[in-house]
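Have a look at the structure below, then the notes.
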Amino acid sequence: MKAGDLLTISPLIALTLTPVVVMLFAAFRRSHGLALGLTLGGLAVTFGTLFVSASRTARVVTPLVTMDAYALFFIGLLTVATALVAVLSWSYLGRLRVRPEEYYVLLLTATLGGAALVAATHFASFFLGLEILSVSLYALIVYPVHRADAVEAAVKYLVLAGATSAFLVFGMALVYAEAGTMSAAGVAKLVAGGLGSQQVVVTVGIVMILVGVGFKLAVVPFHMWTPDVYEGAPAPVTAYVATVSKGAVFALLLRFLLPVSSDQSSTLFLALAAVAVASMVAGNLLALRQDNVKRILAYSSIAHLGYLLVAFLASGERAGVAAGFYLVAYFATTLAAFGVITVLSTGDRDADQLSDYRGLGARRPVLAAVFAVALFSLAGMPLTMGFIGKFVIVTAGAGSALWALVIVLVLTSAIGLYYYTRLIVVMYVRRPEELELAGAGPAARVAAAGGAAGVVVLAALTAFLLVFGVYPSPLLRLVEHAVSTLPWP
Amino acid sequence: MLGLLWLIPALPAAGFLALVLLNRRLDRTAAAWIGAGSVGLSALVALLVCGSFIVSPPAGDAYHQVLWTWMDVAGFAPNIGFYLDAVSVLWVLVITFVGFLIHLYSTEHMEHDEGFTRFFMYLNLFVASMLVLVLADNLLLLYLGWEGVGLCSYLLISFWQKDPQNVYCGRKAFIVTRVGDTALIAGLFLLFTQVHTLEIQPMLAAAQESFVPGSAVAVAAALLILGGAIGKSAQVPLQTWLPDAMAGPSPVSALIHAATMVTAGVYLIARTNVLFTLAPDARLIVAIVGTVTLLLAGFSALVQHDLKRALAYSTISQIGYMFLALGVSGWEAGVFHFMTHAFFKALLFLAAGVIIEALADEHDIFKMGGLRRELPAVFWTFTIGAAALAALPFVTDGFYSKDLIIATSLGSVDGNLWFYAGAIVGAFVTTLYSFRLVWLVFFGERHTEVSRRPRRRQLVPLWILAVLSVVSGLIWMPPWLAGFHPFETFLDTALPPIEFTGEYAHFAESALGALVTISVVVVGIGIAWLLWMPWRRGTHAFSESPAVRPLAAYWLGGWGFDWVYERVFVIPVKWFARVARNDLVDHVVDGIAWLNVAAWRTLSAGQTGRLRAYVAVAGFGIALVLAVVVLR
Amino acid sequence: MASVSLDHALVLAAILFAIGFAGLLTRRNLIVVLACIEIMLNAGGLAFVAAGARWGQADGQVMFLFVLAMAAAEVAVGLAIAIRFRQSLKSLDVDDADEMKG
Amino acid sequence: MILLWYILIPAVAAPVAWLLGRSRPALARWTAVAGTTAPLVILAGQWITKASALQATFAARGPGPAGLVAGSWIADVKATWIGSLGISFFLAADGLTIIMLLLTFALGLLAVLASWRGITKNVGVFHLMILWTVAGLAGVFLSLDLFLFYFFFEMMLIPMYFLIAVWGHEKRVYAAIKFFIFTQVSGLLMLVAIVALVVIHGRETGVYTFDFTQLLGTQMAASTAFILMLGFFFAFAVKLPAWPLHTWLPDAHTEAPTAGSVLLAGVLIKIGAYGMLRFMVPLFPDAVHDFRTVALVLAVIGIIYGAVMAYGQSDMKRLVAYTSVSHMGFVLLGVFAWNTLALQGVILQLVCHALSTGALFIMVGGLQDRIHTRDMGRMGGLWQVAPRMGGTAMFFAMASLGLPGLGNFVAEFLILVGVWQVSHWAAVLGAVGLVFATVYALWMMQRAFQGEETHGWSFADLTKREVGMFGAMIAALVLLGFWPQPLITTARQTVTGLQEMTAASSLAQPRPTAEAGDPAAEAAAAPADDASGATSLADDEGAQQ
C-alpha cells in the first residue's frame, strides 16, 4: 500500500470520513441543516476525488479493490443519486417529526457499502460492501419507528437479507474450497472455462452467491419482499433502495460473472434467462390492477431488473453499454417517480394511494408533469431516456440473437403500458366518477407546500430525462469509456 | 356546329349547379325556369347538333370530341370525351326531347310540393348524367354516367323522404342496380387488362383482333357487360327494384323508369355489339333473359291493382322485348323499339300521373272507372298510348317496332321458334293488360270523384307524346308494307344491319308472318274487351276463386323473387350485423385482457404478506436451480 | 492429531446450514428466526475456515472474522427492530406482520 | 433545410399555443391555425416549384437503386444523431411525402377549425396536443432513417392518447388505453424487426446503420426476411387498420373529440399505408410476394367485414369509424398488388378517404355539439330541420360509397384494376365491397337524415365556418374526381422509384406494355433502367451516401 495508492482509493476514504464527520458534528450541535450541508459537502468531495483517482495510473489497490474507470463511473453515479435522495429527504424528514441527523449518517454508510461493492474484485470486499449496505438499509427502513408499516418492512427485509447473506457466504466458501481463488478474475476464469459436469461444487457455490445477489436485485424467486418494503419504508429510503442498492449489486454482478453471456448453452445462462423472463412477466403482471402507487413502482422495478438481466445476458461490449445506459436511465426515472411521492407525502402517511393523485394535473401541474414524464420513461416512450434505454437493450439482445428474451421483453412491456397509463389517466382525468377505483374516497389533503428544494431536484431530473432522451450521445460515450475497462472476451 | 356537342350534357349540369348554389334564394318560378330551361336549351342544342350530324354526317359517321385527359396512369389514360354516332344521336334526341316535355309537365305537376327546387335539382343532374352516359367515348366515363343515373334514381324515388317506405324503395333500387354495376366494373377490369384501353371504338377494334370468337375471355366480357345491363334495365334476376321504384313522383317514373335510365342497358349492349358478336353463347343468354323477362313481367302486369305498378311491369316486359331483339343480333330492332317505347310509355306514365292527381292520390285501378267523360283528353291520350303499347296494327308506332322484333326473333340468323313463341304469347298478354287498364280506368261506373283538372302545361306534353306515339313508327315500315325505312339506313352507319337469313326468314319477312302478329293483337283486344267490360264481375270473381287466387297473388308479388332475395341475402346480412354489433374480434381482444387480469389476480394472491411464505418461495427457487445444476 | 478432511467439514457446514434454513421456515418467533440466521452464517464461516485450512492460507479465517463481525452487527440491529416489533404489533409472531399484501 | 421547418413550425407553435392559451383561449386557436397554415403555404410553394424539378432530377438519375435513391429526393437533411449506434437525423421528401404532408397540414388545420367552438376547457393544452401530433406526423413522413421513423411513429402516441383520454366522450379512458397499447405493442415488434435488419446488414457489410437507403438491398435468408416483414406488417396492419387488428379503431374514433377523430382518420391511419409503401415492401419484396395471398384475403375480409359492421352500428360516429376499416381494406389490396395502377390508386385513396371521412367526422361532431347524442335511433328526419347539413351529409355519404365523379371512385377503380391484374377474385370481392358500402351509406342517411322527424329536434343549420370547410372539401373531392392528374404526376416519380427498388424481386410484374401515357422524359428513363436496374440491385454494395 504505497502512498500513491491512498490517492487511488481516495473516493472510498472520502466516503468513509463523511459519515464520521457528520456524526461528530451531530454530537456537538444537533441541526438538520448542518447535517445535510455536511453530507452534501462530503459527497461533493468524494465526487472530486473521483477525478484524482481517475488520473492515477495504478488501478489495482490490494487484491480487494480495483479503482478502474468502471468503478469510478458507478461510484460517481451512486454519489449523485445519494445526494439527490438526501435533498429529497430534507423536507420529508422535517415533516416526519423525528431526529434527522442519524438518517444522513446511515445514508452515507450505505453509499460507502455500495461504493465498496462497485470497486470490489474480491470476495472479501464483495461481502463487506454488501453487508455494510444491508445493515445501513435495515436502520434506514425502520427510521420512522412509530410507523407499524416501517417496522414490518424492516423485519421482512432483515430476515430475508440475513438469510440470503448466509447463502452468499456459504457459496463463497464452496467456491473458495474447490477453486482456491476468491478474486473476481479467478471466478471469471472458472465461469469462462465452462462449468462442466465435474465442477458441480463450484457451480453450486456460484448459484448460492447468485442467491445473495438475486435477493438484492429482487429478481423473481427473491422478489417477494419488494412491494412490502417499498410500501412500508419511507419514500426517500424506498427511492434509495430501488436505485443505489440495486445499481451497485448489478454493477458487481456484471464485473464478476461477465463471461456467462459468452456461452449461451451453459446451465448458469439458462438459469439466469429463466429468472429474467420470470421477472419480466411477474413484475408486469403483478402491477396490473394495483391501487397502491408504491407497490406499482415496486413491481415495475422487478420488471425493469428483468430487462437489465436481458442486457446482462447479451454478449459483447455493446451489451455492457446497454446495461450501463439503462441503469442510468432507470436511476433517473425511479428517483423522479419516488421524488414526486416524497414531495407529496405528509407526516403521518406517504402519498401512495391512487386517490391522492386524482386531478393532480390541475392541483400541482409541475409535479404531475414530472410524474407523467417519469411514467412515460418507465414505459419506454420516445422523448425520454427510457425509450433510448429500451432501444439499446433490444439492439444488444438482437445483436446476440436472444430472440426469445427480446420478444418477451416487448410483450411484457406492453402490459406495463396499461398500469403506467392508468396512473396518468388518474392524474389528468377530471371527472372522478368514471374511474374504476376501488374505494375511491375523497382525495387525502396531501402536503400543500412540498419542499422547494425537492421540486428543484425533480425539475432537474426531468430535464435530464428529456435531454438525454432526445440526444443521448454524450452519455453513451461516457458509458462506453467506463465499460471498456472490463475484461471483455 | 358539332363542336357544341359538349354543351348538351353541360347545360343540365349547369342547371343543377345553379339550383344547388342558389337553392335558398330561388322562388318557384325562377327554379322552374332554370330547371326546365336548362333541359330545353340542351334539347335545342341537341337538335342543332344532331340535325347537322344527320344532314351532313362527319367523316366515318362519327364525331369524337375530347375535353381533357381524365387521368393518365402508366398506359391507362381515359379522357373526358364525347363520341357522337347514329346510336347516340337517337338516344340524345330522345333523352333531351322527352326530358324537356317531362320537365314542362313537372313544373305543373309538382306545383304544391315544398321540395320543388330540390326536385328540379335532382332531375337536372339525372339528365346530365344520362347524357354523359350515352355520349361517353370510353367505358369509364360511361360508368360515371351509369352510376350518376343510379344515384339520381335513388334520390328521386325517395324524394318524398318523410315516408320511410319511399326511402326504403329508393335504397332498394340503388343497391340492386349497384349489384349489376359490380358485374359491369368487373367487365371493365377484364377488358382493360386484355386490350389495354377502355375507349370504346379502339377497344372494340382490338377485341375484334385479339379475342377468339366464342373464347372464354370474349364470353366472360360479354356476360359481365350483360350483368351490368340486367341490373340497370331491371331484367330477370335484378328486376325487383323497378315496381317498388313507383314510390317516386310520376314524372320521375315517366322519365327515369320508362323512357331513359332503364334503357341504359340496351344502349350499352347496342354500343358494345362487337363483343356480343364475338360471343354467340352470351348473345343466346341475352335473348333468353329477354324472353323470360317479357313473359314473366307480362303475366305480373295482368294482375296488378296499382296503376303505376302495372305500367312498371309493362316497362320491364317491353325492355325484355328489346333484350330479345339484341339477343338475336337484331341490334337496330331493339334500338327502334327503345325509341317508340320511350314515347308511348312516357305518355302512359304522365297520363297516369294526371289520373292519380285527379283522384286525390288514388292508385288502385278498381277504385277508378268511368273517367272517359271526366278527363276526355287524358282518356284519348292514355288510350293511344295503351294501343301503341299493345301494338295496334298500322296506326301506332308500337306495331312497327314490336312486329319488327317478333319478325327478327324468328327470321334473324340467331332466331328460333322458342323465341318467336315467347314473343307472340308476350304480345298477346301485353294486349290484354294494356286494354285491361283502359277498360277498368275509363269505363264502368265511377268510384271516386275527380277533384283536380289537369292544367295546360300537363296536357301539352301528353298530346305531343300521343302524336309521336302514332307517327314515330312510320320511319321504318316493314318491307311487305312499304320500302320506306330511312331510320334503318341511318342506323346502318353505326350498327350492323339485321340479316334475315334464318330458316324461317322468308316467312318472318312476309306479310303472312305479320298477319299472324296482327291477328294475335286484334284477338287480344277482343278478349280484353269481353273480360273487362261485359263480364267484368265474372272475371273479378274468377280471379278471386280459391283455385286462381294463389296464382294471382304469386304473380302480383313478382313471381316470388322478392321473397327469395329477402331470405337469401337481406336477412343473413341483417342477422350478422345485429349479432356481431360489437365486433367479434373485440371479444378476442377482451379475452386476452381478461387473461392478464386473471393472471394478476392469482399472482397477487400469492403476495400473502407473510414472511415465511417469502422465504419458502425463495427456497423453492433455489432448490429448483440447484436441482437443474446437479442433474444436468 | 489427524487433520479432519475438507469434505467432512463441508458436509458438517451444509448440515448446520440446512438446520438454520429449516428453522427459518418453521419457527414463528422473531428472536428464534434471528438465531437461525446466526446458525446459517456460522455454518458459512465454518466452511470458510475449512476451505482456508485446505489451501493452507489465512484467507479463510480472515473471512470468518468478517462473517462474525457482520453477524454481530446484524443481530444488534435485528434485536432493536424486534423490540419495536413487539411494541407495535404486541407480539413477536412473525406471521402477524402481514398488513401489507396483494 | 426547408424540410426541418415542416417539423419545427408546429413543434414550436405547440408550447406557444399552450402558454398563450393560459391567458386567452382565442389566442391558442389562432396560434394553432398559424402553426398549421404556415407550413402548408411553404409546402404548396415547394410543391409547385420543386415538383417539376423533381421530375427532371428523377429522369436524369443514374441507373440502379443507389442512383435511384439519390436522384429521387427533392431535398434531404442529413446529420448524425447517435453516432455510436449508426443513427442519423435523415429527412428527405419526394412526391409521396409532399402529398402526405399536404394532407397532414390541411387536416391539422381542419381539426383546429372543427373544434373552434366545441372545446372549452383548457384550450391551450388541447392545441398543444394537436400541434404536437401534427409535428410528429410531419416527422414520420419526412424521416428516412428507420430509427427516426420509429421515434416519430411512437412519439405521436402521447398527444393522441391525451386528446382521447382527456377531451373524449363517455368511454374515453378505455378507448385511449386500448389505442395506446395496440399501437405501442405493434410498434415495439417493428422495432425488433428494424434492429434485426440492422444487425443482419451490419454483419454482412460491417456498417451498422439505420439509414434506409443503405439497408435497402440487404440480402438475407427467405425465412428471416419473411419474419422481419411480418414484424413490419404487424405494426402497419394495426395502424392501417387491417382486419383482425382493427378493433381499436372504432373505440378510438368514437370516443375521440372531433379534432382527434379528424386527425386519427385523416392522417394517423395513413401512416400504416405509407409505412408499407415506403419501407416494408422495398425492404422485403420477396417476402411480400409470398405473403400476398394472405394479405389479399385479410384485405377483402376487412372491406366486407368493415362494411357489414358499419351497417350494424347505431352510434353514427362508430359507423363512420367502421367505414374507415372498409376503405383501408382497399388500400391494403392496392399495396400488395404492387403495380403502378394500384399504387397510384392507393395514394389517391389515402387523400380522398382523408377528405371524405374527415368531413363525415366533422359533420357528426357538429351534430353532437347540437343535439348532444350520436345515437341514430334518436335522430331521424334531420333533413327537414337542417337541409344544408342533410345535403352535405348526402354528398359525403356518396363519396364514401365510391360514387364516380368523386375522388374515392377514381382511387378505388385504379386499385381494383391493379388488383385484377394480380388476382381476379380479390378484385371482384373488392367490387362487391362497394355494394356493401352502398348499404351502410344509405342506411346512415335514412336513419339520421331522412324519414319522419319524430324527436322534435330544432337547431341551427351549418354555420358560415362549417359551410366554408365543407365547401372546400367538396370542391377538393369533385376536383380529384374529374382531374386527379396533378396528384398522379406528383406521385408518379415515387411509384416508379418504388417499383424499381423491387425490380429484381418476384414482386416486379411486366408493366402494361403501352407506355404511351407517360411524358417522354420519364418514359425515356424507365425502359433504360429496367435492364440495368434488375442486375445491379442483386450485387448491391453500400450506397455512396
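Protein chains in written order, with the numbering used here: chain L, 36 to 524; chain P, 21 to 652; chain G, 3 to 104; chain E, 866 to 1410. Beta carbons: idealized from backbone N, C-alpha and C, even for Gly.
- If you ignore the 5 residues before and after Leu513 (chain L), its C-beta comes within less than 8 angstroms of the C-beta of Phe108, all in its own chain and listed in chain order.
- The continuous alpha helix (DSSP H) containing Gly1256 (chain E) extends over residues 1252-1265.
- In the DSSP annotation of this structure, the continuous segment of the beta strand (DSSP E) that includes Trp88 (chain P) starts and ends at 83-89.
- For Phe1016 (chain E), the neighbours in chain L by C-beta distance under 7 angstroms run, in chain order, Pro417.
- In this structure, the alpha-carbon of Leu631 (chain P) lies about 9 angstroms from that of Glu187 (chain L).
- Using a Cβ-Cβ cut-off of 8 angstroms, Glu1317 (chain E) is close to Lys182, Asp183, Pro184 of chain P, given in chain order.
- According to the DSSP assignment, Leu956 (chain E) belongs to the beta strand (DSSP E) that extends over 952-958.
- Residue contact with chain G for Asp385 (chain L): absent (no Cβ-Cβ distance below 7 angstroms to any residue of chain G).
- Across the structure, Gly62 (chain G) and Phe87 (chain G) are spaced so that their CA atoms are roughly 36 angstroms apart.
- The beta-carbon distance between Val1196 (chain E) and Phe1226 (chain E), rounded to whole angstroms, is 18 angstroms. This is too long to meet the 8 angstroms contact definition.
- When C-beta atoms of the stretch 107-126 of chain P are compared with those of the stretch 170-187 of chain P, fewer than three pairs fall below 8 angstroms, so the two segments do not count as touching.
- One thing to note: Ile872 (chain E) has its Cβ within 7 angstroms of the Cβ of Gly1004 (chain E).
- In the three-state reduction of the DSSP assignment, Tyr524 (chain P) falls in the coil class, being assigned neither a helical nor a strand state.
- Contact of Ser888 (chain E) with chain L by beta-carbon distance below 8 angstroms is absent, the smallest such distance being about 15 angstroms.
- A contact is defined here as three or more CB-CB pairs under 8 angstroms, and the stretch 72-80 of chain P fails this definition with respect to the stretch 116-130 of chain P.
- Sorting E:Gln1286, E:Gly1295, E:Gly1171, E:Phe1027 by C-alpha distance to the C-alpha of Thr1112 (chain E) places E:Gly1171 at the top.
- For the stretch 245-264 of chain L, the beta-carbon criterion of a distance under 9 angstroms to any beta-carbon of chain P is satisfied by Leu245, Val246, Gly249, Phe250, Val255, Pro256, Phe257, His258, Met259, Trp260, Pro262, Asp263.
- At least one beta carbon of chain P lies nearer than 7 angstroms to the beta carbon of Ala306 (chain L).
- Taking Val226 (chain L) as reference, the option from L:Lys37, L:Phe291, L:Val461, L:Ala358 with the minimal CA-CA separation is L:Phe291.
- Annotation: Ile495 (chain P) is outside any alpha helix (DSSP H) and is labelled neither H nor E by DSSP.
- Looking at P:Ser429, P:Gly390, P:Ala407, the one whose alpha-carbon comes closest to that of Glu465 (chain P) is P:Gly390.
- Only those residues of the stretch 79-97 of chain G whose C-beta falls short of 9 angstroms from the nearest C-beta of chain L are listed: Val79, Gly80, Ala82, Ile83, Ala84, Arg86, Phe87, Gln89, Ser90, Leu91, Val96.
- The C-beta separation of Phe373 (chain L) from Ala487 (chain L) comes to about 18 angstroms, leaving the pair out of contact by the 8 angstroms criterion.
- Taking each of E:Phe970, E:Asp1010, E:Ile1023, E:Pro1150 in turn and checking the Cα distance to Ser1088 (chain E), the smallest one comes out for E:Pro1150.
- Here DSSP, grouped into helix, strand and coil, assigns Ala625 (chain P) to helix.
- Interface with chain G (7 angstroms Cβ-Cβ cutoff): Val635 (chain P) is included.
- Here DSSP, grouped into helix, strand and coil, assigns Gln1178 (chain E) to coil.
- Per DSSP, reduced to three states, the secondary structure at Trp575 (chain P) is helical.
- Fewer than three beta-carbon pairs drawn from the stretch 325-332 of chain P and the stretch 581-591 of chain P are found closer than 8 angstroms, and the two stretches are therefore not classed as touching.
- Gly451 (chain L) is a Cβ neighbour of Asn319 (chain L), given a cutoff of 7 angstroms.
- Close partners of Met102 (chain G) in chain P (Cβ separation under 9 angstroms): Gln627, Gly629.
- Residue environment: Val460 (chain L) is assigned as buried (16 or more neighbouring CB atoms within 10 Å of its CB, all protein chains considered).
- In the structure shown, Val96 (chain L) falls within a strand segment according to DSSP collapsed to helix, strand and coil.
- The alpha carbon of Val408 (chain L) has as its nearest neighbour, out of L:Ala386, L:Thr447, L:Glu352, L:Ala495, the alpha carbon of L:Ala495.
- Non-local C-beta neighbours of Met1025 (chain E) in its own chain, meaning closer than 6 angstroms and more than five positions away in sequence, comprise Thr998, ordered along the chain.
- Cβ neighbours of Ala286 (chain L) within its own chain (closer than 6 angstroms, five residues either side excluded): Phe109, Val153.
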